[in-house]
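Student:
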Amino acid sequence: GALVAVPVHSPPIRRGVTLCASRNIPLTNAAAAIGRLVREVTDTLCTNGQWPGARLRQ
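Quick note on numbering: the sequence shown equals residues 8 to 65 in the working numbering.
1. Do the stretch 13-22 and the stretch 41-53 meet, that is, are 3 or more Cβ pairs less than 8 Å apart?
2. What does a CB cutoff of less than 7 Å around residue 33 pick up in its chain, not counting 5 residues either side in sequence?
3. Identify, in the order they occur along the chain, each residue of the same chain with its Cβ nearer than 7 Å to the Cβ of residue 53, setting aside the five sequence neighbours on each side.
4. Take residue 36 and list the residues in its own chain whose beta-carbon comes closer than 7 Å to its own, dropping the five residues that flank it on each side.
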């Protein structure tokens, strides 16, 4: 059979993205720097509209 694409409107599909770290193992300086970078890039992409449909949770 043929594949058909159909837009999903109701309910909209949503997914969350979470950055996690262990409570039991301290973050290395490198891991902390990557965490800051991920948050910075995510904020920039959302603020500038370069990540369509994405929004930051407060």
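Backbone N, C-alpha and C define an ideal beta-carbon position, used for all residues, glycine too.
Tutor: With the given structure in hand:
1. No, because fewer than three Cβ pairs between the stretch 13-22 and the stretch 41-53 fall closer than 8 Å, the two stretches do not touch.
2. Position 26 of the sequence shown, counted from the first residue, corresponds to residue 33. Closer than 7 Å at the Cβ level, and outside the excluded window around residue 33, lies no residue.
3. Position 46 of the sequence shown holds residue 53. Taken in chain order, the residues that qualify are 61, 62, 63.
4. The residue labelled residue 36 in the question sits at position 29 within the sequence shown. If we look at residue 36 and ignore the five residues flanking it on each side, it has no Cβ neighbours.
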